[in-house]
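Chains A and B are the protein sequences, given in the same order. Mind the numbering: the first sequence is residues 723 to 1088 in my numbering, read in order. Mind the numbering: the second sequence is residues 156 to 482 in my numbering, read in order. These notes are about the structure you will find just below.
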Amino acid sequence: MTLDPAKPQRISSQPAQPQSAQSQSAYSPRANSRLWEFYRTMRRIRCFEERVGELYVRGLSAGSMLHLSIGEEAAAAGVCAAMAPQDSFTTHHRGHGIFLARGADPNRMMAEIGGKAAGYCGGKGGSMHIADMQLGHLGANAIVGGGIPHVVGAGLSYKRLKRDAVSVAFFGDGAMQQGILYESLNMAALWSLPVVFVCVNNQYGMGTRIDRATAETDFTRRAAALGLAAAEADGEDVEAVHAAAAALIGGARRHRPAFLTVSCFRFYGHGRMDKSPYRTADEEAAGRRRDPVARARVELIARGLTDAAQVDSLDAEIEAEMNAAIDYTAAAAAPELAAMFRDVFAPGEPAPEPLADRLDRLLAEA
Amino acid sequence: MAAQEITYRDALRQALDDAMRDDETVVVIGEEVGRYGGAYGVTKDLIASYGEERLIDTPISEPAIIGAAVGAAMTGLRPVAELMYVDFLGLVMDQLANQAAKIRYMFGGQIGVPMVVRTQGGTGRSAGAQHSQSLEAWVMHTPGLRLAMPATAADAYHLLRHALTLPDPVVFIEHKALYARKERTDLAAPVAPWGQATIRRAGSDVTLVTYSRMVFTALEAAAALAERGIAAEVIDLRTLNPLDMATVAASVRRTGRAVVVTESCLTGGVAAELAARIGEECFDYLEDPVIRIAGEDVPIPVSPALESAAIPQPPVIISVVQRMLRR
């Protein structure tokens, strides 16, 4: 596939199209298809998010902020499967699925979301600030667009230090209207950095649909205008997302920065308290029919890659895994209070004086 | 090396040169840092030694400059991001305060952000309300950021060198009116450690607590006060985070009087923080209330006559101290 920055291309592997019919035959030997793996990743994300929702309802999640990525699983699974182990990435406030697709441990993830010491960040980050340097996760972000320029810096490092790594920024369509994105796209293209920008276009920035947020909803044109390779993929079709991501990440590895937008639908509200008053039941029903997990299941069986019983068995296994993550989180300990004063600065550096210590010091002298 | 005349600007340049020579991961990123040599000439000719790969000229995109520095710092480089004017903090506070300052903490100590934001502030060039501010309070109010504000050329050199060894983000605010100031110094000679204040002039009657260019305003006032028989001690804080209250408190306990002098405006500012801490820590030793002499609570006007009147000058310090001492 050749990607011309001047001509944004749409990449899709709709089964009905002749091109896909060709690839379908290639999938006949099971070893040549990654759909089973993609399905497993997506099913784990779906199940994790459902269980995290339950965690919230049970009052076990820390805080009021919880953004589920149900409906967006193909973006996470497809793109992460195209990344190499040495690659890094940043995510946004709706990034659980991406981190899971990258290989996160659901126990430690859920414990972090629950604010427990066993979580990835010791319970100090939570859902929107989860990170793991071992997996190249440079951090989720609670500021829309906040993590985008970090991949530009990572790209600069990789180029200067001659490391064969790509850095990928994941963000939503809401960030398409943030200035920092355009500054970052421009720098990445200007300096030919090994960087890929991935917009998970779930159609909604909180309660505002993209056609109420912008007059130009074809995002590829914006990235192409700044000189990046740009493509759009159908977020119902995980193989199409993976194919597009693989091409763009491969190009980025050869210092051809790229932009990918994955079109999908956010099945539920912005946060857990959001009952979506800004959209109709019909729109939600139609959107939820664009289900990448259900579609992959149908494809797996239709292509004879597996049978319903095997899929059911995998689903049950995943459900047990995620149920265990809830139990793990519920039983996990809260961080000790002293942890509050750690990590403001590096260990051994002057640290903030706790209020209690300061008061004792002042009043003892008084 | 023997003492030689060096400007504050050249001391900073020397610090960058030495740091880049000693540490290959140090890169300078910002607007006009390369071919132009820096808006105030601090990076002049460094591109000849280190090339475009390490003196990275950027588009005019301040938020992404700081954001890219954050990402670079997390992945193996030690970036010096130049923010041409501290006034542009308004553009970059998300990347600085929400990202750089909090990453170590939010991520449970997994990683730090070893970067330096070099910027400059203050009045003295009739640069107007958007190019003359003293915004250190914005930085000081953000946990996770170190803050250095050197007054002397020697400190400019040593504090910048030290900042480029620290594991956490440092905001390094230079003063535009000091760049051309010359000083006879030996850059090889040690200065006080990072995080420690320095007594620039010893005295027993009153303590003047200040930093950056106001150190010289306070020293001028102290010299005039000495002619009137008043011995003012002048403390240069050098860094505002860490803040060396031990040196300040020890001095105030000796003199019994404290005047805080800042170019930044009065309300909600650094002077208020310093005065409150002195009040808490030295209450039993104080002969008079702690007095703040700060910039007026106005945007900085362009007219030189108004600009210089908007910030503390020696006469007001002299007058305040005389009235405190009733002499």
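Every residue gets a Cβ at the ideal spot worked out from N, C-alpha and C, and that includes glycine.
Problem - Closest residue to A:R1017 among A:A962, A:P979, A:W913 and A:I932 (Cα-Cα distance) - result: The shortest C-alpha separation from A:R1017 is found at A:A962.
Practice task
Would you mind reading off the limits of the beta strand (DSSP E) that contains A:V1066?
Solution key: That residue, A:V1066, is in no beta strand (DSSP E); it is neither H nor E in DSSP.
Practice task
At 9 Å on the CB atoms, spell out the chain A contacts of B:M229, in chain order.
Solution key: Those within 9 Å of B:M229 in chain A are S810, M855, L860, G861, H872, G875, A876 and S879.
Practice task
Inspect the beta-carbon positions of B:V389 and B:L363 and report whether they are closer than 8 Å.
Solution key: yes
Problem - Contacting residues, own chain, Cβ-Cβ under 8 Å from B:G148 (five flanking each side not counted) - result: This structure gives no information on residue 148 of chain B, because the portion of chain B shown stretches from 156 to 482.
Practice task
Give the DSSP bridge partners of B:D212, in chain order.
Solution key: According to DSSP, which records beta bridges pairwise, B:D212 is partnered with B:G185.
Handout entry: Residue range of the beta strand (DSSP E) that includes B:P234
Key = R233 to L238
Exercise for the section: Can you have a look at A:V1015 and say buried or exposed, based on whether 16 or more other CB atoms are within 10 angstroms of its CB? Expected result: So A:V1015 ends up on the buried side.
Practice task
Can you give me the start and stop residues for the alpha helix (DSSP H) that B:G450 sits inside?
Solution key: It is not in any alpha helix (DSSP H) - B:G450 instead sits in the beta strand (DSSP E) that spans I446 to G450.
Handout entry: Under 8 Å (Cβ pairs) to chain B, residues found in the stretch 887-910 of chain A
Key = S889, G901, I902, E905, S906, N908 and M909
Problem - Given B:I215 as reference, the closest of B:G185, B:E451 and B:A256 once Cα atoms are compared - result: B:G185
Handout entry: With 16 other Cβ atoms within 10 Å as the buried cut-off, status of A:P916
Key = buried
Exercise for the section: Leaving out five residues on either side along the sequence, give the residues of the same chain with a beta carbon under 6 Å from the beta carbon of A:A839. Expected result: G845, A1055 and P1057
Problem - Interface flag, A:D1049 vs chain B, CB-CB below 8 Å - result: no
Handout entry: Helix, strand or coil at A:K884 according to DSSP, with G and I counted as helix
Key = coil
Handout entry: Whether B:T278 touches B:I472 by CB criterion (8 Å)
Key = no
Practice task
Leaving aside the five residues before and after A:V866 along the sequence, list all residues of the same chain whose C-beta is less than 8 Å from its C-beta, in chain order.
Solution key: H814, H815, F893, G894, G896, A897, Q900 and G927
Handout entry: Cβ contact check for the stretch 428-444 of chain B and the stretch 332-352 of chain B: 3 or more pairs under 8 Å
Key = no
Exercise for the section: Tell me whether A:L1059 sits in a helix, a strand or coil according to DSSP, three-state version. Expected result: helix
Practice task
In the DSSP assignment, find the beta strand (DSSP E) that holds A:N923 and state where it starts and stops.
Solution key: First-last of the beta strand (DSSP E) with A:N923: V917 to N923.
Handout entry: CB contact below 8 Å: A:D1082 versus chain B
Key = no
Problem - Per DSSP, the bridge partner or partners of B:K337 - result: B:T162
Handout entry: Three-state secondary structure (DSSP) of A:N908
Key = Helix, per DSSP.
Practice task
Sort B:A228, B:V181, B:Q351 and B:Q285 by Cα distance to B:R259 and report the nearest one.
Solution key: Selected option, being the one with the closest Cα: B:A228.
Exercise for the section: Kindly confirm or deny that the stretch 975-994 of chain A and the stretch 954-961 of chain A touch, where touching means at least three C-beta pairs closer than 8 Å. Expected result: yes
Practice task
Output yes or no for whether 8 Å exceeds the beta carbon distance between A:F989 and A:R1011.
Solution key: no
Practice task
Using alpha carbons as the reference points, say which of A:L857, A:D1013 and A:I835 lies closest to A:H851.
Solution key: It is A:I835.
Problem - Inter-residue Cα distance where the pair is B:I220 and B:E187 - result: 12 Å
Problem - Among A:D996, A:H859, A:A1073 and A:R944, nearest to A:A1060 - alpha-carbon criterion - result: When only C-alpha atoms are compared, the closest one is A:A1073.
Problem - Pair within 8 Å by beta-carbon distance, A:N923 and A:L948 - result: For A:N923 and A:L948, no; Cβs fall outside 8 Å.
Exercise for the section: Could you tell me how far apart the beta carbons of A:A798 and A:I820 are, in whole angstroms, since I believe they sit closer than 8 Å? Expected result: 4 Å
Handout entry: Below-8 Å beta-carbon distance, B:F327 vs any chain A residue
Key = no
Exercise for the section: Please compile the residues from chain A whose C-beta is within a distance smaller than 8 Å of the C-beta of B:Y260. Expected result: K846, D1065 and V1066
Handout entry: Residues, ordered as in the chain, of the stretch 911-931 of chain A that lie near chain B by beta-carbon distance below 9 Å
Key = From the stretch 911-931 of chain A, only L912 and W913 have a Cβ closer than 9 Å to chain B.
Handout entry: B:L104 in three-state terms, based on DSSP
Key = Since the displayed chain B opens at 156 and closes at 482, residue 104 of chain B lies outside it and no answer follows.
Practice task
With DSSP collapsed to three states, give me the class of B:L441.
Solution key: coil
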